[in-house]
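K.L.:
Right, I'll just put the structure down here and ask away after.
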Amino acid sequence: MRILSYGAILAAMCCPLDAYGAGPEHFIPDCAGVIAIAHARVERVERDGTLILSGGRVLRLEGIRLPTATDATVYDQALQVLRDAALSGPVNFTVTAPAMDRYGRLRAQGFGREWLQMALLERGLARVQVSPDRQECAPDLYDAEALARSRHLGIWALSSYRLRTPWALKDATGSFQIVEGQVSHIGRADGKTFLDFGDRQFSAVIGSGDRRAFRDFDFDELSGRRIRTRGFVQDYRGRAEIVLSNPYQIEVVD
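Note that the sequence shown covers residues 89 to 342 in our numbering.
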């Protein structure tokens, strides 16, 4: 089992690119994968954060989730920061498998004058969203998010983006949330594993089809631990739950 424990962001990730040398290749961590497109020019950034390269190729940034458009101020700030970082010069894009999403977009980490994902997370202008089939650099991304949250930057100054407790999810169905609480019970039924919180007001659920991803994960070690889970909140028979498909959706707090 891998229990995530997050400390300070690596000093190398906090330094400006000039401290490393003349090009973005000097600041790419091993966890980001191989360079798929080198020294690319981003032509524009769409309203949903999609990047369009000068040759027409379409990319999306893996591992983060921008604020919703209904939160206009932080949403506009996020787009401006992303545009400034992506359009300021050449960008190297790295990928790990699987490389493409269902819309044919390359799922990438971007490294220009800044690591594009970090530029948003460190300013509190994005949250980490781990995909079911990807997990590159998740600890580093979580560290950046946590630092911005501790400083109440960007979205973390807004009550609508606060960490939720298991008792504060009645209005959250259908939304992406980060839920923090103590695991009170671990259950198994019909091939599923349930991490229950409180008097089962909320559960994090691992379906039978996702158990393989957790094959090295010892759920019993989570009993009584305080953890964070993240994902889309669903209502199941009047009880809130989040379906987990990737171990990196679990952060152990203490």
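We put the beta carbon where it would ideally sit given N, CA and C, even for glycine.
Being a predicted model, the structure only gives us computed values, none of them experimental.
(1) When the distance is taken between beta carbons, is Arg222 closer than 8 Å to Glu150?
(2) Examine the Cβ distances between the stretch 230-249 and the stretch 181-196 and report whether three or more of them are shorter than 8 Å.
(3) Tell me where the alpha helix (DSSP H) around Arg171 begins and ends.
(4) Look at the Cβ atom of Thr253, then the Cβ atom of Glu268, and state whether they are nearer than 8 Å.
(5) Between the stretch 258-276 and the stretch 296-305, do at least 3 Cβ pairs fall closer than 8 Å?
(6) Could you work out which residue in Arg239, Ala256, Phe282 and Gly212 is closest to Ile152 when comparing CA atoms only?
(7) Taking the alpha carbon of Ser291 as the reference point, which residue from Asp304, Ala256, Asp306 and Phe305 has its own alpha carbon closest?
(8) Grab me the residues of Tyr163's own chain with a C-beta within less than 8 Å of its C-beta, minus the 5 sequence neighbours each way, in chain order.
(9) Rounded to the nearest angstrom, what separates Thr161 and Leu175 at their Cα positions?
(10) Let me know if Gly200 comes out buried or exposed under the rule of 16 or more other beta-carbons within 10 Å of its beta-carbon.
(11) So Gly319 and Val331 are supposed to be a Cβ contact under 8 Å. How far apart are they, rounded?
(12) Can you tell which of Val179, Ala166 and Leu141 has its C-alpha closest to the C-alpha of Phe115?
(13) Give me, in chain order, the residues of the same chain whose beta-carbon lies closer than 8 Å to that of Val169; leave out the 5 immediate sequence neighbours on both sides.
(14) Just confirm the distance between the C-beta atoms of Glu224 and Gln205, as a whole number of angstroms; I'd bet it's less than 8 Å.
(15) Counting only runs of 3+ residues fully inside the stretch 205-293, write out the beta strand (DSSP E) ranges in chain order.
(16) Is Gly319 helix, strand or coil when you go by DSSP?
(17) Can you have a look at Asp278 and say buried or exposed, based on whether 16 or more other CB atoms are within 10 angstroms of its CB?
P.N.:
Quick look at the numbers:
(1) Here residue 150 corresponds to residue number 62 of the sequence shown, with the count starting at 1. Here residue 222 corresponds to residue number 134 of the sequence shown, with the count starting at 1. Contact: yes.
(2) no
(3) As a first step, residue 171 must be located in the sequence shown, where it is residue number 83. Its alpha helix (DSSP H) spans residues Ala160 to Leu175.
(4) Residue numbering aside, residue 253 sits at position 165 when the sequence shown is read from its first letter. Residue numbering aside, residue 268 sits at position 180 when the sequence shown is read from its first letter. Their beta carbons are under 8 Å apart, which means Thr253 touches Glu268 by this criterion.
(5) no
(6) For this step, residue 152 is matched to residue 64 along the sequence shown. Ranking Arg239, Ala256, Phe282 and Gly212 by Cα distance to Ile152 puts Gly212 first.
(7) In the sequence shown, residue 291 corresponds to position 203, counting from 1. Cα-wise, what sits closest to Ser291 is Ala256.
(8) Residue mapping note: residue 163 aligns to position 75 of the sequence shown, counting from 1. These residues qualify, in order along the chain: Leu154, Pro155, Thr156 and Ala157.
(9) Mapped onto the sequence shown, residue 161 falls at position 73. Mapped onto the sequence shown, residue 175 falls at position 87. When rounded, the distance between both Cα atoms is 21 Å.
(10) By one-based count along the sequence shown, residue 200 stands at place 112. Buried, since its Cβ has 16 or more Cβ neighbours within 10 Å.
(11) Working through the sequence shown from its first residue, we reach residue 319 at position 231. Working through the sequence shown from its first residue, we reach residue 331 at position 243. The Cβ separation is near 6 Å, so the contact holds.
(12) Walking along the sequence shown from the start, residue 115 turns up at place 27. Closest by alpha carbon: Val179.
(13) The residue you call residue 169 lines up with position 81 of the sequence shown. Ala207, Leu208, Arg211 and Leu213.
(14) For the purposes of this step, residue 224 is identified with residue 136 of the sequence shown, where counting begins at 1. For the purposes of this step, residue 205 is identified with residue 117 of the sequence shown, where counting begins at 1. No, Glu224 and Gln205 are not in contact; Cβ-Cβ is about 10 Å, not under 8 Å.
(15) 264-277 and 280-285
(16) For the purposes of this step, residue 319 is taken as the residue at position 231 of the sequence shown. Looking at Gly319 - three-state DSSP - the assignment turns out to be strand.
(17) Taking the first residue of the sequence shown as position 1, residue 278 is located at position 190. That one is exposed.
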